[in-house]
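Undergrad:
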Amino acid sequence: MAGIDWNFIWEGFLQTMEMVVVSTIFAYIVGLPLGVILSVSKKGGLAPNRVLYNILAFVVNVSRSIPFLIFLVVLIPLTRLIVGTSIGTEATIVPLTFGAIPIVARMVEASLEEVGNGIVEAALALGAKKREVVVNFILPEAFPSLLQGAAINFVTILGYSAMAGFIGGGGLGAIAYQHGFIRYKTDILMVTVIILVVIVWAGQELGLKLASRARHS
Amino acid sequence: MSDKRLDDDVIFKLENVTKVFEGDNKVVALDNVSLQINRGDIYGIIGMSGAGKSTLVRTLNRLEDVSEGAVLFEGRDLKSLNKSELRNVRQGIGMIFQGFNLLNQRTVDKNIKTALKIADVPKSEHDKIVDKMLKIVGLEDKKYAYPAQLSGGQKQRVAIARALSTNPKVILCDEATSALDPNITAEILDLLKRINSEFKVTIIIITHEMSVVEAICDKVAVLNGGRIVENGPVKELFVNPKSEITRRLVYPESVALNSFDSEGRKCLRLVFDGTEASHPIIAELAAKKGVTVSILNANTKSIGGVGFGQMVVALPNDVNEAKVAVEYFKEAGVFAEEIEELDDSKDAISA
Chain A
1 MAGIDWNFIW EGFLQTMEMV VVSTIFAYIV GLPLGVILSV SKKGGLAPNR
51 VLYNILAFVV NVSRSIPFLI FLVVLIPLTR LIVGTSIGTE ATIVPLTFGA
101 IPIVARMVEA SLEEVGNGIV EAALALGAKK REVVVNFILP EAFPSLLQGA
151 AINFVTILGY SAMAGFIGGG GLGAIAYQHG FIRYKTDILM VTVIILVVIV
201 WAGQELGLKL ASRARHS
Chain B
1 MSDKRLDDDV IFKLENVTKV FEGDNKVVAL DNVSLQINRG DIYGIIGMSG
51 AGKSTLVRTL NRLEDVSEGA VLFEGRDLKS LNKSELRNVR QGIGMIFQGF
101 NLLNQRTVDK NIKTALKIAD VPKSEHDKIV DKMLKIVGLE DKKYAYPAQL
151 SGGQKQRVAI ARALSTNPKV ILCDEATSAL DPNITAEILD LLKRINSEFK
201 VTIIIITHEM SVVEAICDKV AVLNGGRIVE NGPVKELFVN PKSEITRRLV
251 YPESVALNSF DSEGRKCLRL VFDGTEASHP IIAELAAKKG VTVSILNANT
301 KSIGGVGFGQ MVVALPNDVN EAKVAVEYFK EAGVFAEEIE ELDDSKDAIS
351 A
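Chains as they are written, first to last, in the numbering used here: chain A, 1 to 217; chain B, 1 to 351.
1) Buried or exposed: which applies to B/Leu-116, given that a residue is buried once 16 or more other Cβ atoms fall within 10 Å of its Cβ?
2) Please report the residue range of the beta strand (DSSP E) in which B/Phe-97 lies.
3) By a C-beta neighbour count over all protein chains shown, 10 Å radius and 16 as the cutoff for buried, is A/Thr-85 buried or exposed?
4) Counting only beta-carbon atoms, is B/Phe-12 nearer than 8 Å to chain A?
5) Counting along the chain, where does the beta strand (DSSP E) carrying B/Val-28 start and finish?
6) Does the separation of the CB atoms of B/Ile-216 and B/Cys-173 fall below 8 Å?
7) Taking CB distances under 8 Å as the criterion, tell me whether B/Lys-117 reaches chain A.
8) Take B/Glu-140 and list the residues in its own chain whose beta-carbon comes closer than 6 Å to its own, dropping the five residues that flank it on each side.
9) Skipping 5 residues on each side, what residues in its chain have a beta carbon closer than 6 Å to that of B/Gly-92?
10) Check distances from the C-beta atoms of the segment 108-124 of chain A to those of chain B and list, in chain order, the residues that come in under 8 Å.
11) DSSP state of A/Ile-25, grouped into three classes?
12) To which residues of the same chain is A/Ala-123 closer than 6 Å at the C-beta, ignoring the five residues directly before and after it?
13) Using the Cβ count rule (16 or more neighbours within 10 Å means buried), how would you classify A/Pro-140?
14) Does B/Met-95 come within less than 8 Å of chain A when only Cβ atoms are used?
15) Check B/Asp-358 in the structure and name its three-state DSSP category.
16) Less than 8 Å separating the beta-carbons of A/Leu-34 and A/Leu-56?
17) Considering only their Cβ atoms, is the gap separating A/Phe-166 from A/Tyr-177 smaller than 8 Å?
18) Listed from N- to C-terminal order along the chain, which residues in the segment 98-114 of chain B have their beta-carbon within a distance smaller than 7 Å of any beta-carbon of chain A?
19) Whose Cβ in chain A lies nearer than 8 Å to the Cβ of B/Leu-63?
20) Do B/Pro-233 and B/Lys-242 have their C-beta atoms closer together than 8 Å?
21) To the nearest angstrom, how far is it from the Cα of A/Val-60 to the Cα of B/Asp-41?
22) Buried or exposed: where does B/Ala-336 fall if 16 or more other Cβ atoms within 10 Å of its Cβ makes it buried?
23) Alpha carbon to alpha carbon, how far is A/Gly-45 from A/Lys-129?
24) Between B/Ala-385 and chain A, is any beta-carbon pair separated by less than 8 Å?
25) With a 10 Å radius around its C-beta and 16 neighbouring C-beta atoms as the bar for buried, classify B/Arg-5 as buried or exposed.
26) Starting from the N-terminal side, write out each stretch of the alpha helix (DSSP H) that is 4 residues or longer and does not extend beyond the segment 117-163 of chain A.
27) Just to confirm before moving on: does the CB-CB distance between A/Leu-52 and A/Ala-164 stay below 8 Å?
28) Chain B partners of A/Pro-48, CB-CB under 8 Å?
29) Just the Cα atoms here: how many angstroms apart are A/Val-193 and A/His-216?
30) My assumption, with CB atoms under 8 Å, is that B/Gln-98 sits in contact with B/Ser-178. Please give the rounded CB distance.
31) Tell me where the alpha helix (DSSP H) around B/Phe-199 begins and ends.
32) At the 8 Å Cβ level, is B/Phe-260 part of the contact set with chain A, yes or no?
33) Consider the Cβ of B/Lys-19: report whether some Cβ of chain A lies at a distance smaller than 8 Å.
34) Within 10 angstroms of the Cβ of B/Lys-113, are there 16 or more other Cβ atoms? Answer buried if so, exposed if not.
35) Using a Cβ cut-off of 8 Å (strictly closer), state whether B/Asn-82 contacts chain A.
36) Give me the chain B residues within the contact set of A/His-216, using Cβ-Cβ distance strictly less than 9 Å, ordered along the chain.
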């Protein structure tokens, strides 16, 4: 263990956190509205729109079934366009975000599905606009479930970020692969893996705790 | 009431309303329903499950569009309203549900305030209104409680407070007491009755329980298979239920009439409407006319303080004696109908 450069590891940790947190936020900025639209436009939803739903569902399903590694490679030109480079922490945020959007959208959609139709009916009977039904009734009711979903998504994105190490992304995943795995430094491999496990565990616990604190039923 | 004119004012009018749910199994939920509900009424709509009650109540605030016909609220056809007009109308029509449909992640306070926000009530008035509503429903101490911390009856009180907070003209109750036990049901019905009399809010109650109708409704419509089989004052329904379905709802205990008598005797169903109940009619028949009838089933209820009841008696086999008995009941002013061959689905004959 003596040969481990802890500053190097710490830097990797910060890079991982940056990638995962920023990607999660970006993924929710797009994925949350997308999930709401999916839930609202589906058959039996608040504002059914078959064409819109089918198109969105198709895009989400296709992008979700593409393995993330392929996503990483395919998105390189787009990443270059946005960030200017396809290597490094910032560059990894682009494919991470795009890979996470459909996952977030489906998770949000599932959370909103949990809100009973009765709430929607009560809201409409009160004279609420459709936007008000979503903002004042459906989202608050789904909030604990949304938090829980966010914790799960955070962990998924963390896993993806480790994969990004393969194509020159930064972070703990890259350290584990390039330094630990390829150069046979078992101690570095072990340390990075342990840190990743701790992040997953902490993220999961924090998410669940927040969700259960927010849940009043 | 002093304002008779207002009393006669029609708040809801349904004209030949038909609702068809299209799909693989086409369902006619409402079949040519016409109905008039007056301002200030406590109007019951009763039927077995699947009769179309919930669909009917949902046409009243256009949660459900009608396929044919028209629903008029204060003379305006709901179909003719644009989105914002419809929302305004809905704000004048409160609704409470069997499942309460409260925001479970919000306090009682926020539940009511959400309704006020939707109705664009100025924020400065919110607290005052919430406190007033909670006082009306008797939950002042639960302002900051979450629905999960409340009992079923308390949840329904919150729902009533929410419905009442925007000052509606009507409150629609969709099986609002069906999930509650009998004494809680009675409390909720009392509250609705009080709201009706104190705030002049028209109340429309959808239920499958005759006891609910008995307890508070002035008028009632019986729905069966999407059609209104009869409607009118509640008392009339008890005195003279015209249809089999009503009889089953009014006197559920006497459903299996043909099990009473296996000897094939003719039976009479006698109905007491409160004026003769104290009068020992059966005993007098025996004493004065020397005719005895056997009582097969008896059932009395108190509706609005007046005793109502029905009795099923088997007539003597002797045709003349039977005639004497029928004549006697007629003279005594008791509504009686013959249940031929013990089949109570046959048309009534008035004795």
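Backbone N, C-alpha and C fix where the C-beta goes; we use that ideal spot for every residue, glycine too.
TA: The relevant details are as follows:
1) Within the second sequence, the letter at position 116 stands for residue 116 of chain B. Buried, by the Cβ-count rule.
2) Taking the first residue of the second sequence as position 1, residue 97 of chain B is located at position 97. Note, B/Phe-97: beta strand (DSSP E), 93-97.
3) Here residue 85 of chain A refers to the residue found at position 85 when the first sequence is read from its first residue. The residue is exposed, with fewer than 16 neighbouring Cβ atoms inside 10 Å.
4) Counted from its first residue, the second sequence places residue 12 of chain B at position 12. No - not a single Cβ of chain A is within 8 Å of the one on B/Phe-12.
5) What you label residue 28 of chain B is simply residue 28 of the second sequence in a count that begins at 1. Where B/Val-28 is concerned, the enclosing beta strand (DSSP E) stretches over 27-38.
6) For this step, residue 216 of chain B is matched to residue 216 along the second sequence. For this step, residue 173 of chain B is matched to residue 173 along the second sequence. Result no, Cβ atoms of B/Ile-216 and B/Cys-173 do not sit closer than 8 Å.
7) As a working note, residue 117 of chain B is residue 117 in the second sequence. Yes, B/Lys-117 counts as interfacial toward chain A.
8) Walking along the second sequence from the start, residue 140 of chain B turns up at place 140. If we look at B/Glu-140 and ignore the five residues flanking it on each side, its Cβ neighbours are Leu-134.
9) By 1-based counting over the second sequence, the position of residue 92 of chain B is 92. Contacts found: Pro-168, Lys-169.
10) Gly-116, Gly-118, Ile-119, Glu-121, Ala-122, Ala-123, Leu-124
11) One-based indexing of the first sequence puts residue 25 of chain A at position 25. A/Ile-25 falls in the helix class under three-state DSSP.
12) Locating residue 123 of chain A in the first sequence gives position 123, counting from the first residue. Same-chain partners within the cutoff: Val-133, Phe-137.
13) Locating residue 140 of chain A in the first sequence gives position 140, where the first residue counts as 1. Buried, by the Cβ-count rule.
14) Mapped onto the second sequence, residue 95 of chain B falls at position 95. It does; some Cβ of chain A falls within 8 Å.
15) Nothing in the structure corresponds to residue 358 of chain B, since chain B is present only between 1 and 351.
16) Numbered from 1 along the first sequence, position 34 holds the residue referred to as residue 34 of chain A. Numbered from 1 along the first sequence, position 56 holds the residue referred to as residue 56 of chain A. Result yes, Cβ atoms of A/Leu-34 and A/Leu-56 sit closer than 8 Å.
17) For the purposes of this step, residue 177 of chain A is identified with residue 177 of the first sequence, where counting begins at 1. For the purposes of this step, residue 166 of chain A is identified with residue 166 of the first sequence, where counting begins at 1. Against a cut-off of 8 Å, the Cβ pair of A/Phe-166 and A/Tyr-177 comes out as a contact.
18) Gly-99, Asn-101, Leu-103, Asn-104, Gln-105, Arg-106, Thr-114
19) Within the second sequence, residue 63 of chain B is the residue found at index 63, counting from 1. Glu-121, Leu-124, Ala-125, listed in chain order.
20) To locate residue 233 of chain B, count along the second sequence from 1; it is residue 233. To locate residue 242 of chain B, count along the second sequence from 1; it is residue 242. Not a contact, by the Cβ cut-off of 8 Å.
21) Taking the first sequence and counting its residues from 1, the one referred to as residue 60 of chain A is at position 60. Taking the second sequence and counting its residues from 1, the one referred to as residue 41 of chain B is at position 41. In a straight line, the C-alpha of A/Val-60 is about 53 Å away from that of B/Asp-41.
22) For the purposes of this step, residue 336 of chain B is identified with residue 336 of the second sequence, where counting begins at 1. The residue is buried, with at least 16 neighbouring Cβ atoms inside 10 Å.
23) For the purposes of this step, residue 45 of chain A is taken as residue 45 along the first sequence, with counting starting at 1. For the purposes of this step, residue 129 of chain A is taken as residue 129 along the first sequence, with counting starting at 1. So the two alpha carbons sit approximately 14 Å from each other.
24) Residue 385 of chain B lies beyond the residue range present for chain B, which begins at 1 and ends at 351; the question has no answer from this structure.
25) For the purposes of this step, residue 5 of chain B is taken as the residue at position 5 of the second sequence. Caution is warranted here: a pLDDT of 47 is assigned to B/Arg-5, below 50, making its placement in the model unreliable, and the coordinate value is therefore given only provisionally. Classification for B/Arg-5: exposed.
26) 117-125, 139-163
27) The residue given as residue 52 of chain A occupies position 52 in the first sequence. The residue given as residue 164 of chain A occupies position 164 in the first sequence. Their beta carbons are not under 8 Å apart, which means A/Leu-52 does not touch A/Ala-164 by this criterion.
28) As a working note, residue 48 of chain A is residue 48 in the first sequence. Result: empty, since nearest Cβ-Cβ is about 14 Å, beyond 8 Å.
29) Translated into positions along the first sequence, residue 193 of chain A becomes position 193. Translated into positions along the first sequence, residue 216 of chain A becomes position 216. One C-alpha to the other measures close to 36 Å.
30) In the second sequence, counting from the first residue as 1, residue 98 of chain B sits at position 98. In the second sequence, counting from the first residue as 1, residue 178 of chain B sits at position 178. Confirmed, Cβ separation roughly 5 Å.
31) Position 199 of the second sequence holds residue 199 of chain B. First-last of the alpha helix (DSSP H) with B/Phe-199: 182-199.
32) As a working mapping, residue 260 of chain B is identified with position 260 in the second sequence. Because the pLDDT of B/Phe-260 is 47, which lies under 50, any placement of that residue in the model is unreliable, and the number read from its coordinates should be weighed accordingly. No, because no Cβ of chain A sits closer than 8 Å to the Cβ of B/Phe-260.
33) Numbered from 1 along the second sequence, position 19 holds the residue referred to as residue 19 of chain B. Closer than 8 Å: no.
34) On the second sequence, position 113 is the one that residue 113 of chain B refers to. It counts as buried.
35) In the second sequence, counting from the first residue as 1, residue 82 of chain B sits at position 82. No, because no Cβ of chain A sits closer than 8 Å to the Cβ of B/Asn-82.
36) Taking the first sequence and counting its residues from 1, one reaches residue 216 of chain A at position 216. What A/His-216 touches in chain B: Asn-104, Gln-105, Arg-106, Thr-107, Tyr-146, Pro-147, Ala-148, Gln-149.
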